[in-house]
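Under this note's numbering, think of the first position of the sequence shown as -3, with each following residue one higher.
We treat Cβ as the ideally placed atom computed from N, Cα and C, and that holds for glycine.
All values reported here derive from a predicted model rather than from experimental measurement.
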Amino acid sequence: MILGDLLDAPVVDSSGRVLGFVVDVRLVLDGPVDGLLAAPRVHGLLVSPRTGTSFLGYERTGLDAPALLARFLRWRHRGSFLVHWTDVEVASADGVRLADGYRRWSPAIPGVAHQRP
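Set out below in structure tokens:
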């Protein structure tokens, strides 16, 4: 499966209740291993309850310009959450089912900011 196939896929809990849509996939690098960067691995999925559109990078806590766009995207994605890959029971282009007892995490990426002039 190509990770892009998961974008806009519906996300349901273990009872089949719709929670939202996959809006992004969070990857991490565990490297370096033997002096080389490790291959990226899936850390989790970002789920938005109202929309299948991307955060456009505004999940970064320090990103706030242009202010109108930042405010709109944060409002539009209110209620969004990160779910760790270990809590994903089934993932396909048709949808994602989360395991019973999954945990919701903040979608924010702390400490990433652009300096204003």
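Buried or exposed: residue i, going by 16 or more other Cβ atoms within 10 Å of its Cβ?
i: F68; result: exposed
i: D20; result: buried
i: G16; result: buried
i: P103; result: buried
i: V14; result: exposed
i: L33; result: exposed
i: V18; result: buried
i: V24; result: exposed
i: R99; result: exposed
i: L42; result: buried
i: S44; result: buried
Could you check which residue in the options has the C-alpha nearest to that of residue i?
i: L82; options: A5, H39, S44, L3; result: The amino acid occupying residue 82 in the given sequence is Thr; Leu does not appear at that position. When each option's Cα is compared against that of T82, the closest is H39.
i: L2; options: V86, A104, R100; result: V86
i: L94; options: R37, M(-3), F77; result: F77
i: L(-1); options: A63, G91, Y98, S44; result: G91
i: G97; options: I105, S88, A89, V79; result: V79
Tell me residue i's beta-bridge partners as DSSP assigns them.
i: W101; result: L78
i: D26; result: Beta-bridge pairing links D26 to no other residue.
i: R37; result: V24
(message) Taking contact to mean 3 or more Cβ pairs, one atom from each stretch, closer than 8 Å, check whether the stretch 28 to 37 and the stretch 3 to 14 are in contact.
(response) no
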